[in-house]
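Under this note's numbering, the letters of the sequence shown match residues 301 to 450, in that order. We put the beta carbon where it would ideally sit given N, CA and C, even for glycine. Written out below as structure tokens is the structure these notes cover.
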Amino acid sequence: MATRYNGSDEEERALNAYIRFTRAFDTVDRRIGETFRTRDLTSGQFGVLETIYHLGPMYQGQLGEKLLQSKGNISTIIGNLVDRGLVERRRDQEDRRYIKIHLTSEGGKLIEDLFPEHVERIRLTFEALETEEIEEFGRLCKKLGLANAS
């Protein structure tokens, strides 16, 4: 559905693109998110597990920055993962003021099993596009993101 806003051609073009982008994102995000929701994980929890799995233990603040989460939200996410036994907080041995977040063996097993399913769901979702379109889409998303980074 196109916008009903009556503005300049540039405004309407940008607004229509934004509407299409957000609707497509919501639809794709819901479909892809089914993989981790079947394991009773939120997208934020999955993000923490996936980040630590691929990049190794991190400080809570680093995780928040990497996942674009506020300090309060990342603290809640990590707390819930700790309660489930999927991650643990460990004092940094070199600087005891800091706490790193580590996967537990249970958390490592969960993300190791879950990640290939997640990737496959993403691959299937993007089958709607040709290879060149996927590459162009990625390039355009990066360009838009970089142009608007604070």
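query, result
"Outcome for residue 346 when other beta-carbon atoms lying within 10 angstroms are tallied against a minimum of 16", "buried"
"Three CB pairs or more closer than 8 Å across the stretch 327-345 and the stretch 413-425", "yes"
"Integer Cβ distance of residue 399 from residue 391, believed to fall under 8 Å", "6 Å"
"Any 3 or more C-beta pairs closer than 8 Å across the stretch 312-320 and the stretch 343-358", "no"
"Where residue 446 falls, given that 16 or more other Cβ within 10 Å makes a residue buried", "exposed"
"Rounded C-alpha distance that separates residue 329 from residue 441", "15 Å"
"Helix, strand or coil at residue 305 [DSSP, three-state]", "coil"
"Residue 322 to residue 396 span [Cα, whole Å]", "43 Å"
"Under the three-state DSSP convention, the category residue 423 falls into", "helix"
"DSSP bridge partner residues for residue 451 (one or two, in chain order)", "The chain is shown only over 301 to 450; residue 451 falls outside these bounds and no answer can be derived."
"Straight-line gap, residue 341 to residue 439 (C-alpha atoms, nearest Å)", "30 Å"
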